[in-house]
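The block underneath contains the structure these notes are about, expressed in structure tokens.
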Amino acid sequence: MNWVTTGVVTSTLLATRVKALTNFIKLAEKLLELSNFSGVAQVLRGLSSPPVEYLKATWKELDKPLLKRYSTLKSVLSTKNNYRNYWEHIKQACAAQKRVIPYLTVHLVQLGELKETLPERTIENEEVQGLVDFKKTSEITGAVSSLLAYTVEKYREKTDQHIEIVPHIRQWLLERNPYSQEESQKWAERIEPPDWEEAVAQMLSTQKLLQVRIDELKKKLKEAESLAEKKKEQEQEQESQKGSGLLGVKKKRPIPPLLASVSHGLIPTLQNTSVSRFKTKKDFVDYGEDEGEKEKKKEGNKEGDK
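Under full-length UniProt numbering, the sequence shown has 203 at position 203, and the numbering climbs by one with no breaks.
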């Protein structure tokens, strides 16, 4: 029953729900044709459950002939006149020697009524005689015997109407995890809310919150990608340094422009100059500039001689 209910209420599109209802009604008709009254009962219980009946807009989309067929199916298992229609159908099936799967609920109700209505002991002149009431025993025995006569084994016989089990469909049905009635009711109220305006407003509000969350996640993702890119560049640089044998070698600090311009003439000169001559940093810089000028003049003279 619950898998029928779940199959209808979890369809968010109206057209899909209408199709689901149509297919389930057709399924119930086919089960009735096969005299599988238990299957018919399960499908009808699902279709008549409160969550499915709550979907007024969906039921309105069904055409009148289909609704009439659905009404006929429900009449087969109607409780009116002690399930009279059911007993008539099952007698016809037995008379035609059809395979039958009974609706156990009806038979259990019958046994309960026999037990309650018929006395355990014989009664004569309004006095209990203490004898076993064989009429009651006989009727109960007949009811149980008729129930045991309906065997599923006949469905396994290879006849012209043999029903072949489709493994993947059977497995799909076994793995279904249907919702409870409470969960199904919540789904029904979501897809066909009683107040459409409130539902739309709530949906838009939820959409805004989700959009904010999405933007936050996008930002975090971008930051993560940037960090990953930097890390990748660092790893590539380390690999490059390993390949060139420079890993672990300290880079030389660049020579300041002033010292670079006079280094050629300054270093040899400093070798013959007393360090005590430079009392301040300015003395050292001035000395370097003088020596640099001298070196430039020497190079100029050499160029002139050439």
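Note that CB positions come from ideal geometry on N, CA and C, so glycine has one too.
The structure displayed is predicted, hence computed values, not measured ones.
query: Assigned exposure category for K137 - 16 Cβ within 10 Å defines buried; result: Position check: residue 137 holds Thr in this sequence, whereas Lys was assumed. T137 is exposed by the Cβ-count criterion.
query: Span of the alpha helix (DSSP H), counted from its first residue to its last, around I90; result: R84 to A95
query: Chain-order list of residues whose beta-carbon lies under 8 Å from that of L66 (same chain, five-residue window excluded); result: T22 and I25
query: Per-residue burial, S11 [other beta carbons within 10 Å of its own, 16 or more giving buried]; result: buried
query: V212 versus M203: straight-line alpha-carbon distance, rounded; result: 14 Å
query: Neighbour-count burial assignment, L259, 16 or more Cβ in a 10 Å radius; result: Caution applies to L259, whose pLDDT of 48 falls short of 50 and renders its modelled position unreliable; the model cannot decide the point.
query: Three-state class that DSSP yields for I165 in the structure shown; result: coil
query: Buried versus exposed, by CB contacts within 10 Å (16 or more), W187; result: buried
query: Residue interval of the alpha helix (DSSP H) (run including Y70); result: K64 to V76
query: Proximity of residue 314 and E88 at Cβ, strictly below 7 Å; result: It is not possible to answer for residue 314, since the shown part of the chain is limited to 1 through 306.
query: Of the listed residues L147, K208 and E61, nearest to K19 (C-alpha basis); result: E61
query: CA-to-CA distance, P51 to V9, given in whole angstroms; result: 7 Å
query: Contact the stretch 85–103 vs the stretch 228–238: 3+ CB pairs below 8 Å; result: no
query: Opening and closing residue of the alpha helix (DSSP H) in which T5 lies; result: N2 to V9
query: S35 - containing alpha helix (DSSP H), residue span; result: Neither: S35 is in no alpha helix (DSSP H) and is coded neither H nor E.
query: Beta bridge counterpart(s) of I101 as assigned by DSSP; result: N36
query: Backbone secondary structure at T141 - three-state DSSP; result: helix
query: Nonlocal neighbours in the same chain, by C-beta distance under 8 Å from R170, ignoring five residues either side; result: none
query: Integer-rounded CB distance, given that V106 should sit under 8 Å from V43; result: Between V106 and V43 the Cβ distance is about 16 Å, and since that is not below 8 Å, they are no contact.
query: Boundaries (first-last residue) of the alpha helix (DSSP H) holding R176; result: Careful: R176 lies outside any alpha helix (DSSP H) and carries neither H nor E.
query: Contact set for Q185: own chain, Cβ-Cβ below 6 Å, skip 5 residues either direction; result: P51
query: Helix, strand or coil at D195 according to DSSP, with G and I counted as helix; result: coil
query: Buried versus exposed call for A41 [16 or more other C-beta atoms within 10 Å across all chains shown]; result: buried
query: Rounded separation between R17 and S145 - CA only; result: 42 Å
query: The ligand COA heavy atom lying under 6 Å from the CB of V212; result: Annotation note on the ligand COA: not contained in the displayed structure, which lists no ligands.
query: L147 versus L27: straight-line alpha-carbon distance, rounded; result: 24 Å
query: C-beta atoms of S35 and V100 nearer than 7 Å; result: yes
query: Cβ-based burial, I191 [other Cβ within 10 Å; buried from 16]; result: buried
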